[in-house]
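S.K.: Per full-length UniProt numbering, the very first residue in the sequence shown carries number 1; after that it's consecutive.
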Amino acid sequence: MQINPKDQAKKENDRLLIGSVLPRPIAFVTSLNEEGKVNAAPFSFFTVVSSDPPMLAVTVNRKPGGVQKDTARNIAAYKEYVIQVVDGENVEQVNQCATDFPPEMSEAEAVGFDVVPGQKVKVPRIVQSKIQMECRLHQILSMGGTAAEPNADLVIGEVALFHVRDDLYEQGRIDSETLDPVGRLAGLSFGKIGETFSRRRLSYKEWQEREKSKSSRS
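1) Assign lysine 130 to buried or exposed, taking buried as 16 or more other Cβ atoms, counted over all protein chains shown, within 10 Å of its Cβ.
2) Could you tell me if the beta carbon of aspartate 100 falls within a distance shorter than 6 Å of some heavy atom in the ligand PLP?
3) Please confirm if the stretch 61 to 79 is in contact with the stretch 14 to 34, defined as three or more CB-CB distances below 8 Å between the two stretches.
4) Helix, strand or coil: which one does DSSP assign to glutamine 119?
5) Look at the alpha carbon of glutamine 84 and the alpha carbon of glycine 194, and state the distance between them as a whole number of angstroms.
6) Looking only at DSSP bridge pairs, what is phenylalanine 162 linked to?
7) Between proline 23 and phenylalanine 46, is the Cβ-Cβ spacing less than 7 Å?
8) Pull up the distance between the alpha-carbon of glutamate 170 and that of leucine 179, whole angstroms please.
9) Just curious, the alpha helix (DSSP H) that lysine 214 is in, first and last residue?
10) Could you tell me the boundaries of the beta strand (DSSP E) in which glycine 183 lies?
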């Protein structure tokens with residue numbers, strides 16, 4: 001089957017993408033509005049951009065008419081924000097933060113999250129999150145749609161400080177089992193890490209030797 005995205009409506013392409021690209025990690029983003037209220041919202045178009053310096057990208061889709069969402073607007077204004085990792089312990093409250101609260105209302109406060117000040121940025125972070133990454137804005141790119149009405153904002157930021165719960169970090173590595181990360185699937189579904197396995201990458205020389213060994217046995 002072949003599907004030409006130009007033959008489909010935006011909604012159909014969205015369903016195709018979120019049903020194909022999964023599981024998707026969730027960025028739970030806190031930002032500050034003009035009144036100093038903490039805005040908190042989850043976004044599942046989220047990935048690593050660079051490790052030197054550490055940089056992350058979050059896509060914030062726009063509302064109808066190309067109107068920016070609160071998160072993108074706040075970050076564009078203040079240039080700072082915090083990304084929290086979503087896990088099995090906080091996913092229910094995080095999901096509640098996706099409710100379309102009015103801009104003057106703090107989602108974090110409404111759903112019962114506790115916040116503490118950032119150390120490198122002014123934006124508060126969520127106490128209940130096991131990993132929090134204080135970020136400074138690198139750039140925002142308007143994506144898709146038209147010049148007058150973009151479809152989304154691609155927010156790229158540099159991590160200024162990591163906060164990692166002590167029991168997660170050992171010998172320079174995160175314990176993914178203890179972290180218990182949650183990702184988005186299609187529709188209203190979420191998922192956790194299930195079966196895991198390891199595969200070592202071969203050098204080209206090792207690959208040649210393996211193929212030669214296969215040929216000699218056949």
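From the three backbone atoms N, C-alpha and C, an ideal C-beta is built for every residue, glycine too.
M.R.: Reading off the structure:
1) Counting of Cβ neighbours within 10 angstroms places lysine 130 among the buried residues, the total reaching 16 or more.
2) In the structure shown, the ligand PLP is absent, as is every other ligand, since no ligand is present at all.
3) The stretch 61 to 79 is in contact with the stretch 14 to 34.
4) Coil, per DSSP.
5) CA-CA distance, glutamine 84 to glycine 194, rounds to 22 Å.
6) According to DSSP, phenylalanine 162 bridges with Met133.
7) Taking 7 Å as the cut-off, the Cβ atoms of proline 23 and phenylalanine 46 do not count as close.
8) Rounded to whole angstroms, glutamate 170 to leucine 179 spans 12 Å at the Cα level.
9) Counting along the chain, the alpha helix (DSSP H) containing lysine 214 begins and ends at 204 to 217.
10) Per DSSP, glycine 183 belongs to the beta strand (DSSP E) from 182 to 184.
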